[in-house]
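The block underneath contains the structure these notes are about, expressed in structure tokens.
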Amino acid sequence: MAQHLLPRTGALGSRLIGVGAALPQRAVSNDELAAQIDTSDEWIRTRTGIRQRYLVSGDETAVSLAHKAAQNALDHAGRSAHDIDAIIVATSTPDQVFPSVAVRVQAALGMERGFGFDVSAACSGFVYALSVGDSMIRAGQVKRVLIIGVEVFSRLLDWQDRSTCVLFGDGAGAVLLEAGAGEGEGILSTHLHADGRLGDLLYVNGAVGCISGKVALKMQGREVFRHAVVNLAAAVDEALETNGLRGTDIQWMVPHQANLRIIEGMAKKLSLPSERVVVTVDRHANTSAASIPLALDEAVRDGRIRPGDLVLMEALGGGLTWGSALIRM
1 MAQHLLPRTG ALGSRLIGVG AALPQRAVSN DELAAQIDTS DEWIRTRTGI RQRYLVSGDE
61 TAVSLAHKAA QNALDHAGRS AHDIDAIIVA TSTPDQVFPS VAVRVQAALG MERGFGFDVS
121 AACSGFVYAL SVGDSMIRAG QVKRVLIIGV EVFSRLLDWQ DRSTCVLFGD GAGAVLLEAG
181 AGEGEGILST HLHADGRLGD LLYVNGAVGC ISGKVALKMQ GREVFRHAVV NLAAAVDEAL
241 ETNGLRGTDI QWMVPHQANL RIIEGMAKKL SLPSERVVVT VDRHANTSAA SIPLALDEAV
301 RDGRIRPGDL VLMEALGGGL TWGSALIRM
């Protein structure tokens with residue numbers, strides 16, 4: 001299934017007014033992993049581009065990371081928790097089955113109104129949550145909504161399986177959407193897809209924190225890579241065609257940070273030079289639903305992405321799910 005949002009013609013649309021991020025305190029290098037499992041820094045870097053990742057420790061949780069990222073986004077936007085109507089959290093690794101991470105963050109922020117819920121679409125989760133929040137603003141249901149991507153993927157990994165455990169990291173990123181974007185501004189369109197027939201290519205049995213026994217991510221990496229190349233290219237073409245644009249019109253690509261080879265392949269397709277692609281996979285690894293907002297936060301705060309820039313986001317994850325979004329910052 002796919003969701004296609006046509007370019008808006010009215011005044012009620014959503015604009016992105018704040019970004020925020022949070023990473024665990026502990027950084028873990030490839031060499032540190034190589035001391036524990038049969039791998040090496042060279043093996044990981046040449047196949048993925050990853051040099052290190054951040055992993056939770058102590059009392060760090062999905063809620064604590066999401067709360068910090070959300071507060072940073074509010075501060076960046078010059079808004080307070082009392083200005084927010086809703087919180088939508090994209091995550092595959094909640095601390096609890098319920099209540100949702102969203103309502104835990106709502107309480108931590110001191111919000112006494114509004115609502116919150118979680119979205120599960122694996123690595124595509126942030127694009128999915130962004131689309132839902134934008135749709136709610138367009139419908140007039142909310143005026144401001146926090147969109148958060150957060151993952152504690154270290155909970156899902158078999159730390160003896162070098163084909164998966166070296167790929168992922170923990171973290172959170174957030175954006176604040178606000179009503180008021182005019183034509184050609186803000187979120188121009190979002191495009192969502194899923195194919196459940198491919199669900200066994202990347203999955204986790206059970207639920208984090210609520211079952212006995214071992215919970216571990218399983219992935220057919222080669223097949224996921226193949227579908228990522230094809231489906232992401234189609235989602236990007238769809239976004240461009242919907243808005244009457246070409247690849248050369250894109251000023252920045254902020255992709256899901258899964259594998260440097262996939263990122264470079266998408267940049268080549270769009271004829272984007274490497275300096276116009278935001279890459280954090282080398283330092284963050286794959287943080288699933290958190291990867292796009294983490295990368296966006298970095299590029300906005302260091303001045304690379306500026307107001308008025310046209311930004312393309314794309315992601316593919318377990319489900320399989322995939323999607324794209326075009327935003328005029």
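If you're matching positions, the sequence shown starts at 1 in UniProt numbering and goes up one per residue. Glycine is no exception: its CB is placed at the ideal position from the N, C-alpha and C atoms.
Look up glutamate 178 in the DSSP assignment and say whether it is helix, strand or coil.
strand
Which of helix, strand or coil DSSP assigns to glycine 323
strand
Among Val89, Gly182, Leu65 and Gln257, nearest to glycine 171 - alpha-carbon criterion
Cα-wise, what sits closest to glycine 171 is Leu65.
Selected residue, minimal CA-CA separation from leucine 74, among Ile17, Ala62, Glu60 and Val103
When each option's Cα is compared against that of leucine 74, the closest is Ile17.
For a minimum of 4 consecutive residues, which ranges assigned as the alpha helix (DSSP H) are wholly contained in the segment 63-109?
101-109
Is there contact between the segment 195-203 and the segment 215-225, where contact requires at least three CB pairs shorter than 8 Å?
yes
State the DSSP-derived secondary structure class of valine 277, mapped to helix, strand or coil.
strand
Counting C-beta neighbours from all protein chains within 10 Å, is the total for phenylalanine 98 16 or more, i.e. buried, or is it exposed?
exposed
Bridge partners for residue 331 per DSSP, in chain order?
Residue numbering for the chain in the displayed model covers 1 to 329; residue 331 lies beyond these limits and cannot be assessed.
Minimum length 4: unbroken alpha helix (DSSP H) runs contained in the segment 9-58
Annotation: the segment 9-58 contains the following complete segments of the alpha helix (DSSP H) (minimum length 4 residues), in chain order: 30-34 and 41-48.
Inspect the beta-carbon positions of isoleucine 263 and leucine 312 and report whether they are closer than 8 Å.
no
Beta-carbon gap between valine 152 and alanine 86 smaller than 8 Å
no
Taking the Cβ atom as the reference point for each residue, do isoleucine 137 and serine 14 lie within a distance shorter than 8 Å?
yes
Quick one: residues in its chain with C-beta nearer than 7 Å to the C-beta of leucine 156, no 5 flanking neighbours on either side, listed in chain order?
Thr93, Val204, Val208, Val215, Ala216 and Leu217, listed in sequence order.
My output table needs one value for methionine 313: the three-state DSSP class, helix, strand or coil.
strand
Three-state secondary structure assigned by DSSP to asparagine 231:
helix
Just tell me which of Asp161, Thr248, Ala234 and Asp297 has its CA closest to the CA of tryptophan 322.
Comparing Cα positions, the closest option is Ala234.
Element boundaries [alpha helix (DSSP H), containing leucine 296]
291-301
What is the residue span of the alpha helix (DSSP H) that glycine 133 lies within?
125-138
Contacting residues, own chain, Cβ-Cβ under 6 Å from glycine 116 (five flanking each side not counted):
A distance below 6 Å between beta-carbons, with the five flanking residues on each side excluded, links glycine 116 to the following residues of its chain, in chain order: Ile87, Ala102, Val103 and Gln106.
Return yes when the Cβ of proline 293 is within less than 8 Å of the Cβ of methionine 329, no when it is not.
no
Output yes or no for whether 8 Å exceeds the beta carbon distance between alanine 90 and valine 119.
Yes; because the gap between Cβ atoms is below 8 Å, this pair is in contact.
Ordered along the chain, which non-local residues of its own chain (more than five positions away) have a Cβ less than 6 Å from that of valine 150?
Ala62, Leu65, Ala66, Thr91, Ala172 and Ala290
Residue environment, proline 24, which counts as buried when at least 16 other CB atoms sit within 10 Å:
Buried, because 16 or more other Cβ atoms sit within 10 Å of the Cβ of proline 24.
Could you tell me whether the Cβ atoms of alanine 77 and leucine 176 are closer together than 8 Å?
yes
Hey, is the segment 155-169 in contact with the segment 26-44, meaning 3+ C-beta pairs nearer than 8 Å?
yes
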